[in-house]
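Just so we're aligned, residue 0 is where the sequence shown starts under numbering that gives the first Met the number 0, counting upward by one.
Data first, discussion second: the structure below is written as structure tokens.
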Amino acid sequence: MTHLPPLGATAAGGAPGWIDQDNEMTRWMNQAQNRVQPDPRLRLMRLRKNLLRTAVEGPSRTRTLRVILYTLAISNSDPEPDFARLRTYAEGVWDVRHEFHDTASRLDGAPAPQDRNGWLAVRLLLRQGAADGVIAVSRDVISPDDALYERELLWFGDHFSFVDLIIPESR
0 MTHLPPLGAT AAGGAPGWID QDNEMTRWMN QAQNRVQPDP RLRLMRLRKN LLRTAVEGPS
60 RTRTLRVILY TLAISNSDPE PDFARLRTYA EGVWDVRHEF HDTASRLDGA PAPQDRNGWL
120 AVRLLLRQGA ADGVIAVSRD VISPDDALYE RELLWFGDHF SFVDLIIPES R
């Protein structure tokens, strides 16, 4: 019959064995500390830029990528200044096919993207292959909520589309 020492027992002679020392080191390294958490905006920006890079650098890209301009107008404001800014940004780089906008009472109080008619039209055209991507002024136009914004980016990735922004997430 084999005799096993109780848990936490040391090796013969009272000195801790190597496994005990290793376990102690692991506990020390994994203890709760004030760790610096990465900025989620940078992670989301990397995800968006990877989608854009995949679209632009695709091996079979022989044509100018077709885009949809999208903006979110606040209350009864005119979306035309945003569209003018988007057109200027896209000029000479992208082939602008459509322009859509939605209206919200406040930018941070806007409905979720999947509850907006203009955004749903953008997604429909992308799914049908009528465009390759969407350009917006900032990510807040899509969603200021990180989880909703990430969900939209993942949808774009699943549909081989991209999002380009005039103002990147890191600002």
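Ideal Cβ placement from N, Cα and C applies to all residues, glycine included.
Okay, do the stretch 40-50 and the stretch 75-93 touch, 3+ Cβ pairs below 8 angstroms being the bar?
At 8 angstroms Cβ cutoff, the stretches do not touch.
For T102, which option in A120, A83 and T70 has the closest C-alpha, if you only look at C-alpha atoms?
If we check each option's Cα against that of T102, T70 comes out closest.
Near R115, which residues of its chain fall below 7 angstroms by C-beta distance, leaving aside the five closest residues on each side in sequence?
So the list reads D101, once near-sequence residues are dropped.
What is the rounded straight-line gap between the Cα of F155 and the Cα of D19?
Computed Cα separation, rounded: 49 angstroms.
Determine whether the Cβ of A103 lies closer than 9 angstroms to any Cβ atom of chain D.
Here chain D cannot be found, since the structure has a single protein chain.
In chain order, which continuous runs of the beta strand (DSSP E) of length 3 or greater are located wholly inside the stretch 69-112?
Taken in chain order, the whole beta strand (DSSP E) runs of length 3 or more contained in the stretch 69-112 are 94-103.
I134 - containing beta strand (DSSP E), residue span:
Start and end: G132 to A135.
Contact under 9 angstroms by Cβ, G117 with D163:
It is not a contact, given that the beta carbons lie outside the stated cut-off.
So if DSSP puts L164 in a beta bridge, which residue, or which two residues, is it bridged to?
In DSSP, L164 forms a bridge with A135.
Can you tell which of Y88, A83 and D94 has the C-alpha that lies nearest to the C-alpha of R65?
Relative to R65, the option among Y88, A83 and D94 whose CA is nearest is D94.
DSSP state of V55, grouped into three classes?
In the structure shown, V55 sits in a helix (DSSP, three-state: H, G or I).
Can you check which of these residues, E56, G57, T61 and E90, is closest to I67 by C-alpha distance?
When each option's Cα is compared against that of I67, the closest is E90.
Who pairs with I67 in a beta bridge, going by DSSP?
I67 is bridged by DSSP to H97 and V133.
Cβ-Cβ distance between E168 and R40 below 9 angstroms
In this structure, R40 lies closer than 9 angstroms to E168 by Cβ.
Are the CB atoms of S104 and S142 within a distance shorter than 9 angstroms?
No. Outside cutoff.
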